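Worksheet for the structure shown next.
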Amino acid sequence: MFSHPACCDFELLCSQTHRQTDKSSEFLFLLTDDASKLDGRVGCAFVVFYNKTELDYRKFRLNESSTVFMAEVMAIQQAVQYVKANDLGQVNIISDSRSALTALSAVEEVRDIINNIKEDIKEYKGKITLTWIRAHMGTFGNERADQLAKEETLISD
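Under this note's numbering, the sequence shown is numbered contiguously, ending at residue 172.
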């Protein structure tokens with residue numbers, strides 16, 4: 016894909032290759048992230064899977080001025096930090112946010128949060144792969160992450 020060292024490559028995993036997701040989940044530690052905005056409240060979440068078994072999850076509420084894009088980016092950032100903190104080795108972070116993954120794969124980026132994520136991925140001792148999937152296609156794990164993100168938007172202030 017990209018050869019520039021500042022880039023974070025990501026794979027495109029479309030619904031036609033859904034079987035690849037199932038196959039990888041047999042041996043890869045998977046994280047799925049999502050974001051939701053409802054009535055001005057913004058939430059994001061990621062879910063940790065191994066062998067199609069949910070091991071853990073994290074969900075977050077962002078401030079009301081946050082966009083869904085920023086929530087998607089925040090979910091990826093939190094997932095990367097979780098991977099680093101738990102030293103999980105080789106990990107596949109799966110996101111349905113093509114715009115967030117595109118920003119992460121850009122050679123030049125002005126947003127600090129994107130650059131911080133890229134730096135965290137480069138510094139990580141294991142390997143983090145970023146993968147894109149289509150949203151709301153029944154992909155294993157994605158619907159669960161979506162549910163958790165929505166839960167954060169339903170909590171009153």
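Even for Gly, the Cβ is constructed at its ideal location relative to N, Cα and C. Only a predicted model underlies this, so the values are computations on that prediction, with no experimental measurement involved.
C-alpha distance - residue i paired with residue j, whole-angstrom precision
{"i": "A160", "j": "E166", "result": "10 Å"}
{"i": "T15", "j": "F84", "result": "Any answer about residue 15 is impossible in this case: the structure gives the chain only from 16 up to 172."}
{"i": "V98", "j": "T82", "result": "24 Å"}
{"i": "I148", "j": "N107", "result": "12 Å"}
{"i": "G153", "j": "K74", "result": "20 Å"}
{"i": "E79", "j": "Q105", "result": "34 Å"}
Residue i versus the options, residue with shortest Cα-Cα distance
{"i": "C59", "options": "S110, N101, E138", "result": "S110"}
{"i": "D71", "options": "V122, I170, L163, S51", "result": "L163"}
{"i": "I91", "options": "T154, G141, I136, F155", "result": "I136"}
{"i": "T144", "options": "F75, T154, A94, N101", "result": "A94"}
{"i": "A100", "options": "T146, S114, E138", "result": "E138"}
Per DSSP, the bridge partner or partners of residue i
{"i": "G58", "result": "S51, R76"}
Coarse secondary structure for residue i, derived from DSSP in three states
{"i": "I148", "result": "strand"}
{"i": "Q93", "result": "helix"}
{"i": "T82", "result": "coil"}
{"i": "D161", "result": "helix"}
{"i": "E124", "result": "coil"}
Closer than 7 Å: residue i CB and nearest the ligand GTP heavy atom
{"i": "I109", "result": "As for the ligand GTP, it is missing from this structure, which has no ligand bound."}
Neighbourhood of residue i by C-beta, 7 Å cutoff - its chain only, sequence neighbours within 5 removed
{"i": "N130", "result": "E124"}
{"i": "G55", "result": "E79"}
Cβ-based neighbour list, residue i, same chain, cut-off 8 Å, excluding 5 preceding and 5 following
{"i": "L77", "result": "V57, G58, C59, M85, A86, M89"}
{"i": "D102", "result": "K140, G141"}
{"i": "I132", "result": "C23, V88, I91, Q92, V95, L119"}
Contacts around residue i, its chain only, beta-carbon distance under 6 Å, and the 5 residues preceding and following it disregarded
{"i": "L169", "result": "none"}
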